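The sequence shown begins at 66 in the numbering used here and counts up by one.
Glycine residues also receive a C-beta, built at the ideal position from the N, C-alpha and C atoms.
Treat the numbers as computed from the prediction; the structure is a model and nothing was measured.
Read through the structure below, which is laid out as structure tokens, and then see the notes.
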Amino acid sequence: MSSNLLLCELHAHTIWSDGQLALSEVVDLYGRNGFDVLCITDHAVRLNDPMSAAIDPWTWPAYATSVRAEATREARDYGLIVLLGLELTDNHPDPDRSAHALALGLEHFVSIESGLIEALEEANDQEHRYELFNRPETFAWVAERGLPPLASGDFHRPEDLSSWKTLLRCEKEADAVLDCLRSPSRVYLTPFAADDRLAVPVAA
Numbered sequence: 066m067s068s069n070l071l072l073c074e075l076h077a078h079t080i081w082s083d084g085q086l087a088l089s090e091v092v093d094l095y096g097r098n099g100f101d102v103l104c105i106t107d108h109a110v111r112l113n114d115p116m117s118a119a120i121d122p123w124t125w126p127a128y129a130t131s132v133r134a135e136a137t138r139e140a141r142d143y144g145l146i147v148l149l150g151l152e153l154t155d156n157h158p159d160p161d162r163s164a165h166a167l168a169l170g171l172e173h174f175v176s177i178e179s180g181l182i183e184a185l186e187e188a189n190d191q192e193h194r195y196e197l198f199n200r201p202e203t204f205a206w207v208a209e210r211g212l213p214p215l216a217s218g219d220f221h222r223p224e225d226l227s228s229w230k231t232l233l234r235c236e237k238e239a240d241a242v243l244d245c246l247r248s249p250s251r252v253y254l255t256p257f258a259a260d261d262r263l264a265v266p267v268a269a
């Protein structure tokens, strides 16, 4: 096992759903700020959900192709691992019944139509981790129940770069990162402050 800790953003959105930045801008931002791992997790919602933009079975092929192309470019330019994922988002009029889950390292589209539990089973998540920190929010119930935690920036805009992040102790390879997240291995949570000079996308 590697002695180095990988700095990870496990929850990031682009203009494929409700993010403010294009995919290439998001990955460049994280690459310039020294991250080792970035998970692109645009929303997948029920087909009757009013969210204006989300990934569905028809947009998935183009989305997946774009993320994989960026993964190749970022590995070359920054040594950044870019993982393809989705935020499986089950919205309800009653906020207490709403929930989301991150599905990482996907090879195919995962539908939320049959509910979140069924979607996670389709995503084949062997182990589940829970967001203790999601940008400014802290979910005390995760700590109180002793659930395996992680931290994410839930990135939508450049200022979200500065937030809690997850550190993983594993080899810097996509499969090793996914294996670590799906195992009971210890992870480390840390606040991250962006360098303001690097946090604003620069027009070409």
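Looking at the DSSP output, I146 shares a beta bridge with V102.
Within the DSSP secondary-structure output, F220 pairs in a beta bridge with A77.
Of the residues assessed, S163 falls on the exposed side of the cut-off, its CB having fewer than 16 other CB atoms within 10 angstroms. Under the DSSP assignment, L169 falls in the beta strand (DSSP E) whose first and last residues are A164 to L169. Cβ neighbours of L243 within its own chain (closer than 7 Å, five residues either side excluded): L169 and G170. Of the residues assessed, I182 falls on the exposed side of the cut-off, its CB having fewer than 16 other CB atoms within 10 angstroms.
In this structure, DSSP gives E172 a state outside helix and strand, which the three-state scheme calls coil.
Between A184 and E139, the alpha-carbon positions lie close to 29 Å from each other. According to the DSSP assignment, L243 belongs to the alpha helix (DSSP H) that extends over A239 to L246. Assignment of T231 by DSSP, reduced to helix, strand and coil, places it in the strand class. In the three-state reduction of the DSSP assignment, E202 falls in the strand class, which pools E and B.
If you draw a 10 Å sphere on the C-beta of S217, you find 16 or more other C-beta atoms in it, and that means buried.
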